[in-house]
Amino acid sequence: MIFLIGYMGSGKSTVARELSDKLNMPYIEMDEAIEQQQDMSIPQIFNKYGEAHFRKLETDLLKSLQAPVIVSTGGGVILASENQEILKKGTVIFLDAAFETIDERLSNDQDRPLWTNNREENRQRYEKRLPIYRSLASHVIQVDHKETTVIINEVLNCLKS
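Mapped onto numbering that gives the first Met the number 0, the consecutive letters of the sequence shown carry residue numbers 0 to 160.
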């Protein structure tokens, strides 16, 4: 299994979709899969059941995955130690985007319950997760100011090594 990890807005979904085409492997976008399973949007799940419930849904989905598959994880999937153990069983590619890049990409995004209008709160959450992403990564791909095709080629090179 290939797991793409990184903060929200780092490009995991886009990279997973294109990588799927290049490798002729199926991919799963975890947030989309959870929305389909629950017949609710992520913000609706957060509002109705809370973040803890959503994190449990992520863990349940991770446990159910069958290789070979490319997984675009949710940005917070790395928070649970149980999920970390599952991720370590695959190849983990961290799409590393600077906070400024994330902030720019998400400035008008209303669909992410943990992205707030409080820039400092967003930065703190980002900085708290960064060492976890790095510790889990088999490979780190810097994504700032790069075209998707360049990122895909870098991922493909990592997978060859």
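Virtual Cβ for every residue (Gly too), placed ideally from N, Cα, C.
Contact under 8 Å by Cβ, residue i with residue j
i	j	result
P42	M0	no
G5	F98	no
L64	V70	yes
G8	V142	no
S160	V91	no
I140	E17	no
Residue from the options whose Cα sits closest to the Cα of residue i
i	options	result
I131	S80, H52, I151	S80
K87	V76, T147, E34	V76
E61	I44, A51, M29, Q36	It is Leu, not Glu, that sits at residue 61 in the sequence shown. Comparing Cα positions, the closest option is M29.
E84	N46, T58, A15, E126	T58
N121	S134, S40, R104, L135	R104
Y125	D102, F53, K145, V14	D102
Outcome for residue i when other beta-carbon atoms lying within 10 angstroms are tallied against a minimum of 16
i	result
G49	exposed
N82	buried
D95	buried
V149	exposed
So, does the stretch 12 to 27 touch the stretch 150 to 158, judging by three or more C-beta pairs under 8 Å? yes
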